[in-house]
Structures are given as structure tokens and as C-alpha cells.
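Protein chains: 2
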Amino acid sequence: MPESYEVLIVGGGFGGLYCARQFCHLPAEAGRRLRVTLVDKRNFHLFQPLLYQVATGALSPANIAAPLRSILSRCRKVRTLLGEVTELRLREFNGHRGSVLLADGEELAWDALVLSPGVTHQYFGHPEWEALAPGLKTVEDATAMRHRILYAFEAAEREQDPARVRQWLNFVIVGAGPTGVELAGAIAEIAHDTLRHDFRHINPEDARIILIEGQDRVLPTYPAPLSAKAAQTLRRLGVELQCSSMVTAVEEGQVRAAQGDQEVLIPTHNVLWAAGVQASPLGQTLKAASGCTLDRAGRVLVEPDCSVPGFPSVYVIGDLANYSHQIFKGQTEAKPLPGVAQVAMQMGKYVAGRIVATAAGGESPDAQMPFRYLHLGSMATIGRGAAICDMGPVRLWGLLGWLVWLFIHLLYIVQFENRLLVLLQWAWNYLTRGRSARLITGEAEAQEL
Amino acid sequence: MPESYEVLIVGGGFGGLYCARQFCHLPAEAGRRLRVTLVDKRNFHLFQPLLYQVATGALSPANIAAPLRSILSRCRKVRTLLGEVTELRLREFNGHRGSVLLADGEELAWDALVLSPGVTHQYFGHPEWEALAPGLKTVEDATAMRHRILYAFEAAEREQDPARVRQWLNFVIVGAGPTGVELAGAIAEIAHDTLRHDFRHINPEDARIILIEGQDRVLPTYPAPLSAKAAQTLRRLGVELQCSSMVTAVEEGQVRAAQGDQEVLIPTHNVLWAAGVQASPLGQTLKAASGCTLDRAGRVLVEPDCSVPGFPSVYVIGDLANYSHQIFKGQTEAKPLPGVAQVAMQMGKYVAGRIVATAAGGESPDAQMPFRYLHLGSMATIGRGAAICDMGPVRLWGLLGWLVWLFIHLLYIVQFENRLLVLLQWAWNYLTRGRSARLITGEAEAQEL
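In C-alpha cells, the structure reads:
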């Protein structure tokens, strides 16, 4: 048995980061043998719940991202590496239990492996839609989406033909989960408030914002009364809701959607994707190495302690994990935990505790407890001064919901400086209805001007 | 003669924007016939003097950029268009004096044309160096350079071979004008302060920052005593100065420089270009259309009123103009005005005045005055609490210089909100020695991890 006990965490999102931070303040005895490495292909932790605010020009990427090194700077036990994991080896390596291979060929040993790589979008079997309907998972996605949204108004201003102006001023958002609702509300505010005085030829208020949802209401995972409140607020903001409606084709300049027997054709250049997610390809890699089972979305079915069946020291947490061992009040069977930040954070902390206990040799009673998700609530913002919060018995909406949403989000933004800057920017945006980060940057796909 | 008098301004930098703003508050009588259009291929005005702070992770792009539409939102007389000018037509069009063609084929008429397209870098006849030695003119340049700088430390942390670690930790900045000096100072601070605790394998303080300058001192356009102060501060920050030294080759993994007879070989992956500038290709387009003369850097030799010889209603302002009609105290002959923001701003305002007078029909005495540049001073910052200011008889350096630098720069940042955010970010960075915008984003060229 080698002197050190190597913990390797893959991914610096909510799951990986909160797991890594648990190792910072261990008592000397418990932590002596432990060596922790956090590997991510990006150098920063991204606060994804606010990514839509970058996409809509309210915040800058740096406001919601913090360098992983800087977050873990004082935590001498954890080392951070920039690198992409390409292969998982579950057999012994250099006296340790396994290893991973990075893209540049380096091999890193581990005694405990924590996989927390997150998700990407999926297009219901139509990968060709991606080029026309960008999703929102990375900083680059957000600046590309910002480019799309702002460019559409510029292009409309230049266009003479009314039919083509329409195409530029119609915005179709696919999927009315929290991201879709937040995007629709923000774009409505851009069109009706932020840009109101900025154009000479078009009137930005002519923009149509259409939110398409397959199920029969917006925010289908929320209680029905909150969905109704959200729908009401969206309508007030000028968003058109098309529920029970499925997108059947995304084409150059138009979208087709089926509503029952009826086909709707919407002329538009602006399709924003907020519908499906697909687990990281690392799930496939793990399946090949361990023989584990993946669900339809590509997530790994994990044991009650978040480990991979047959590999007690390999853990999968966050959005890549399908954890179906917990039956909530009012449910008759266990459903997979949702892909939200709270689940990932709690899994990260739990798994860190298990690893510490295992490394210490004894199986403490704590370490035998299965993971239990404590649902603190879920919330989605709709627009200026309007959000809904579902916190079990307590349901909030409107301004009060928004204030709670604001407080909670500020609380979880990782660095104090970012917290301050975001608060200031929000206050400013709220007072002026402005959005200063309205930059069209980067190379555009299919840019015509 | 058509009813309206069309003014077309190409470029929304300091020259074009300050020109456009002059038309916002005209007396009704003077402005009645005037219609002003500002065309830029970007949708924002960029405060270029602070671009190096984006490149070094101290600020976000949106902090130093403001949407042109939003700046000119209340100015009903000016319309803003996103578009790229590809052709200049100096003959009559639709009853107006001329027109320009945009990339998408649209033709815009003008009675007065103001060209203010700015500059790009040049590599002394070695365009192949560009891929290895990025320059700093656009927002994308800045995020790419930030990527380079931060990635170098990450790559060094991953590298085992000491010689290759060296290559990643050597930073070569070519050109010791204001941009080069500012970059060198900022990178020294990143290595010695910001990242000090962030790495486990390398010590960021081992980074060598080498500033190469062809002339015999840094900031060669400044008075010699200020150059000496700057050199002293740079050395204190740990920057190595190689003056009277010419870069002879930029190759993969190394740079060659000639110092007299001696050739110096510096192993490095990080070459940042802050040396030559080249006028916008629009200069060539104008030459083809008007037969005007270009200088070696591609700038247009303009008349004392900034117009193009033979075309009294076509003006060239800002960095594209070679204005050599003004002899300063202590000089015996007229030298071209420097390519700084102040010159562009003053030219923009002057030209707007001329256009208003011409459109009014009468040649007012004011309008016959040639352009006169009022030199308010020049300044460059070197690091935390250190800058030099040359304001004619008054020369400042150190903390006092820095405070003046800070004040002036905040003053000229276009929007109040940005001013506030930049001030807050600076205060934070100053107190914590931090740089929160340390994101490695976008696709990397030749990324290995």
C-alpha cells in the first residue's frame, strides 16, 4: 500500500468544487495521507444558473466565473490541473487503485475517483439543429447567444423587406424549463425596455418572443399554481406561450412546431435551445470501462452511496449521476434526482466524507449511510422584479419571490468580489433598465453584414 | 440639390464617436437639413487605452466597451448602422456627392464623408509572425492574449522537463511603447502577486518578463527623464529590459533578437506584440478612389482641414490620418500627429464643426481655420500605483502620476455605469492584488492540454 491516498476529482462545477473544498479543513490526522487533485478542462468554476444573464447582456462572463486555482488557492491539500480526461483505467497503477489518462497522454493515479463532468445539450436526435439553435451550457455558448440576440436587431434595422424584418424580430425559445423561461423573460425586457430608444428604422417592441414547450404548462416540474403565476408574468412581459407543442423542424429562417394535429410555421432566424440535456461523454467512457448502466439521457445509475456498481471507490456525482434511491413525500416510487446545483453540491460533500472515512481505514457509521438529498427548494426568475420560488410548503412569486431568488443566488456565487460586482450591476440594471454588456463579439456563424 | 445633407461617419472609435456626438445638440436651424449616419462593423465603442487590462485579467470586455446605439440613443439626429464599408464611391449618387458600398451590397449616400477606421498591427513585413505573436487591438485580441498568458502558467504546472517549463514561463513583449510597458508591468504583477499562492508544482515568481525595444530606451516618445523613471519601476517589478534590440525571428518555442552584433535566443511560447501599427485597409481603398498619398504606415496625408486633397468633403481623422501641418515648440519641422485618442477626438469635433458650417452654406470664419491639435499630455501606467504623465511643463510619476492617470482614464470612459464598475474593480484589485477576470475562454490556437 503506497504512502499516499490519492483522490482525483474530475470537473470543477458545483459537484467537483464542493467535494474538493471539503478536504481543505480536515483535521491533520484524518488528512495526513490524503492528496487531492481537481482536474478540469476549463480553468474556472462557472455559476451556470446565471449564464442566461450573460447571454442577455446583463452580466459579463467574469462576473459569474471564478478561477478554480484562486478559489482553492489557500487550500494547500488540493492541487488544480487544467486537462481533459480521455480515458478511465479501473485497474491498478503504480500501487494505486486506478488511473485516468489526460488528452496529452499524462496518466494520473487515484485511490478514489470522483466524476462530476456535467451535461451538454441534446437535440432529440437532430444534431443538425445545433448550428441553427444554440444552447446554453458554456461561457462561449452564452457569448454566442448574446451575439445572436443583439445581431438580430441590428440585421432587422438594416433590412427593407417587412417579411425579412419579421424573421429577424421573431425569437423562438424551445423548452420552458427554468432556462427557457428566464431567457424568454430577459429577451422580452431587452426588446421592450433596453433597446426601446436605440433604433431609427425598426421598433424593437415589435419583436415577438415565442416560448415553445412540449408539456401542457411552463415550468412543468414546478407545482401547477406556480406555473400559472409564471405564465401570467410571461404574458404580461409580452411573451407568447405555445404549450403542448413539439418542435418538428429547425430550418434556415423558420421553425416548424406541431400542436396536436396542427402544424405551426414560424418564420425566424433566432431559435434558442433550452430543451434537452445529454450527459457528458465521460458516461460512455465509464460504461466501457466498468460495464455500468446508463439511462436514456446517458446518466450513470449509481449506488445509494453514489458509487459505481462493483467499484466502491469510483463515484459519479452531479448531473452525470442518475440517483434513484430516494422516495419523496407524495411519491410512490423513487425518481432520479433533478440536475440542479443543490443536488451536485450535496453529493460532492457527501462523497468527500465517505472518502475521508475510507482513507482513514475504519468504516465509520457515518460512512455507511446512503446519500440523502435535502431539497431546499427550487426557483426561477422571469423578469425584472418577478421570480417564483418553490420551497416545499412555502411558495413565493412576484417581487418577494424575486428578492429571495436574488439573495440565494448572491449567496452561492463563489467569490465575494463577484458577489459585490453582480449586486452592483443588478442594482444598476434594475434602476436604469439597462444592460451594459451588450457586446457583439467573436466570429459569427453565417454573419451577413 | 436634395432636401437632406447626408453625413456619413465610418468607424465608432474616438474619432468617429466624438464627431457624431457633435451633431446631437445643434441649434434647430443649423441642423435642420443634416442627417448623420455612423457605420461600424462592431456594435460598440471600445476604450482601447484599457484593452491591456482585459488582456491581463483585470477587467472584463464589457467594462471598457459601450454599445454605440446606447451612447447615441437619445441623439435622434444620428442613426447607427452595423456594417462594413468595402468600397468608396466619390462620384454623385442619388443627387448626393458620393456613396459607400457595404459588404452586403447596400449603398449609402453622403454629402460629407468622415473616415475614422483606426489601425491594426503590423509585423515589419513578417505577417507569418502574427500566429505566434498576437497583438492587441480588438476585444478578441485581448481575450486571446489573456488566454495565452494564463494558459502558459497552466501548461508550465503540467510540464515535467525544466527546459520546457522555462519556455512556458518566459514572456517576451515586443515594443516598449505605452502598450508594451503596460503589458509587461501587468504580467509581472500577475506572476509575482496574483498567482503567487495558486500553483503547487511551479513557482509563478520564476517567470521572466522580457521587454524588447528597438530604440535605446523604453517609452521613446516620452521625455528621457520619464523613460528613466519608467525603466526603474519596470526593473523593480522584475521586468528585464532589452533596449536597442531588434526581433529578427519569431519561431515556435523561441524568439531571436539582435542586439548590435550579438544574437540573443530566448526560449519561449509567449510572445506578445506591441510594436508596429498599420493603417486600416480603408486607406488603400481611398487611395484607389481618390489618388491620395499614403505614408509608409499606410496613413493618408491629409490637408490642414483633415480633408483628402481634391475632395473637400471627404475627411480622414484619427489613426488613419497623417496630419503634418503643425509645428510644436522645440521642433523645427512638422511631424505627423501621434496616433492617440486625444488627436482623434479633437479631429472628430473639428470636422463636425466644418461640416455644419459647410452644410449651412456660408463659409464661416471658423470653418476656414485649419485643425489645431491641443496637446493635453500623454501618460502610461506601469503597475500598481505607478504611472508616468507628461503634461508639457508638468511631469509626474509614481503614485501621483498613477492617480492622475486613473482620474483621466475614468473621466474618458464613456458610460457612467462602466466608470463606476471600473473604479470598483480597480479598487478591489488594488486592495487584494487580485484579478478576477482570469478566464481562459474561446478556442485556443495550438492548445495542447
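Respectively, the protein sequence lines represent chains P and S. Position one of the first sequence corresponds to residue 1 (the numbering used here), numbered consecutively onward. Position one of the second sequence corresponds to residue 1001 (the numbering used here), numbered consecutively onward. Glycine included, each C-beta is placed from N, C-alpha and C at the ideal position.
query: Verify the CB distance criterion: does P/Thr441 have a CB-CB separation below 8 Å to chain S?; result: yes
query: Is it buried or exposed for P/His454, if we count other Cβ within 10 angstroms and need 16 for buried?; result: Only positions 1 to 449 of chain P appear in the structure, and residue 454 of chain P is not among them; the question remains open.
query: Give the interface partners of P/Glu92 over in chain S, defined as CB-CB distance under 8 Å, in chain order.; result: Near P/Glu92 there are no residues of chain S at all, since even the closest Cβ is about 23 Å away, more than 8 Å.
query: Among P/Arg256, P/Pro267 and P/Leu183, which one has its Cα closest to the Cα of P/Val239?; result: P/Leu183
query: Would a check of beta-carbon distances place P/Pro61 closer than 8 Å to chain S?; result: yes
query: Taking the beta carbon of S/His1409 as the centre, do at least 16 other beta carbons fall within 10 Å, making it buried, or is it exposed?; result: buried
query: Suppose you measure from the CA of P/Glu445 to the CA of S/Leu1136; what does that come to, to the nearest Å?; result: Its pLDDT being 37, under 50, P/Glu445 is placed unreliably in this model, and the value from its coordinates should be taken loosely. Near 23 Å, if we compare the C-alpha coordinates of S/Leu1136 and P/Glu445.
query: If I'm right that P/Arg320 touches P/Gly118 with Cβ under 8 Å, what's the distance once you round it to whole angstroms?; result: Per the sequence shown, the amino acid found at residue 320 of chain P is Leu instead of Arg. Yes, P/Leu320 and P/Gly118 are in contact; Cβ-Cβ is about 7 Å, under 8 Å.
query: State the beta-bridge partners of P/Gln278 as determined by DSSP.; result: P/Thr120
query: Just to confirm my understanding: we take S/Glu1092, look at its own chain, exclude 5 residues before and 5 after, and list those with CB closer than 8 Å. What are they?; result: Gly1098
query: Since P/Leu337 and P/Tyr373 are thought to touch, with beta carbons under 8 Å apart, how far apart are those beta carbons, to the nearest angstrom?; result: 5 Å
query: So, is the C-beta of S/Pro1281 closer than 8 Å to a C-beta in chain P?; result: no
query: Give a yes or no on whether 8 Å exceeds the smallest Cβ distance from P/His269 to chain S.; result: no
query: Counting only beta-carbon atoms, is S/Glu1140 nearer than 8 Å to chain P?; result: yes
query: Mind checking which residues open and close the beta strand (DSSP E) that includes S/Pro1067?; result: Ala1065 to Pro1067
query: Determine, using beta carbons only, whether S/Leu1272 and S/Gln1254 come nearer to each other than 8 Å.; result: no
query: If you measure from the beta carbon of S/Phe1044 to each beta carbon in chain P, is any gap under 8 Å?; result: yes
query: Quick check on DSSP: helix, strand or coil for P/Trp110?; result: strand
query: To which residues of the same chain is S/Gly1385 closer than 7 Å at the C-beta, ignoring the five residues directly before and after it?; result: Leu1399 and Trp1402
query: According to DSSP, simplified to helix, strand and coil, what is S/Glu1448?; result: With a pLDDT of 35 at S/Glu1448, under the threshold of 50, the predicted position of this residue should be treated as unreliable, though the coordinate-derived value follows. Coil.
query: Leaving out the 5 sequence neighbours to the left and right, which residues in its chain are closer than 6 Å to P/Gln53 when beta-carbon positions are compared?; result: Leu59
query: Who are the Cβ neighbours of P/Glu448 in its own chain at under 6 Å, not counting the five residues just before and after it?; result: Because P/Glu448 sits at a pLDDT of 35, beneath the cut-off of 50, its placement in the model cannot be relied upon, and the following sentence gives the value as read from the coordinates. Excluding positions up to five away in sequence, the list is empty.
query: Any Cβ of chain P within less than 8 Å of the Cβ of S/Met1203?; result: The sequence shown places Asn at residue 1203 of chain S, not Met. For S/Asn1203, the answer is no, since every Cβ of chain P falls outside 8 Å of its Cβ.
query: Exposed or buried, what is S/Gly1180 when buried is set at 16 or more other beta-carbons lying within 10 Å of its beta-carbon?; result: buried
query: Who are the near neighbours of P/Glu443 in its chain, counting only those whose CB is closer than 7 Å to its CB and skipping five residues on each side?; result: Confidence at P/Glu443 is low in this model, with a pLDDT of 48, below 50, so its placement is unreliable and no value can be given for it.
query: Excluding the 5 residues flanking P/Ala142 on each side, which residues of the same chain have their C-beta closer than 8 Å to its C-beta?; result: Leu51, Tyr52, Val54, Ala55, Pro61 and Leu136
query: Could you please give me the residues that DSSP links to P/Ser378 through a beta bridge?; result: P/Asp390
query: Taking Cβ-Cβ distances shorter than 7 Å, what residues in chain S pair up with P/Pro67?; result: Arg1438
query: Report the rounded CA-to-CA distance for P/Pro223 versus P/Tyr430, giving the unit in angstroms.; result: 28 Å
query: Is it buried or exposed for S/Asn1094, if we count other Cβ within 10 angstroms and need 16 for buried?; result: exposed
query: For a quick check, are the C-beta atoms of P/Leu68 and P/Thr86 less than 8 Å apart?; result: no
query: Residue ranges of each alpha helix (DSSP H) run of no fewer than 4 residues wholly in the segment 147 to 222 of chain P, ordered along the chain?; result: 162 to 169 and 178 to 189
query: Note down, in chain order, each residue of its chain lying with its Cβ closer than 6 Å to the Cβ of S/Phe1199, except the 5 sequence neighbours on either side.; result: Glu1157
query: Apart from the five residues on each side of it in sequence, which residues of its chain come closer than 8 Å, Cβ to Cβ, to S/Gly1260?; result: Ser1244
query: Taking only three categories from DSSP, how would you classify S/Trp1397?; result: coil
query: So which residues on chain P does S/Asp1198 lean against when the C-beta distance must stay under 7 Å?; result: Arg69, Ser70 and Ser73
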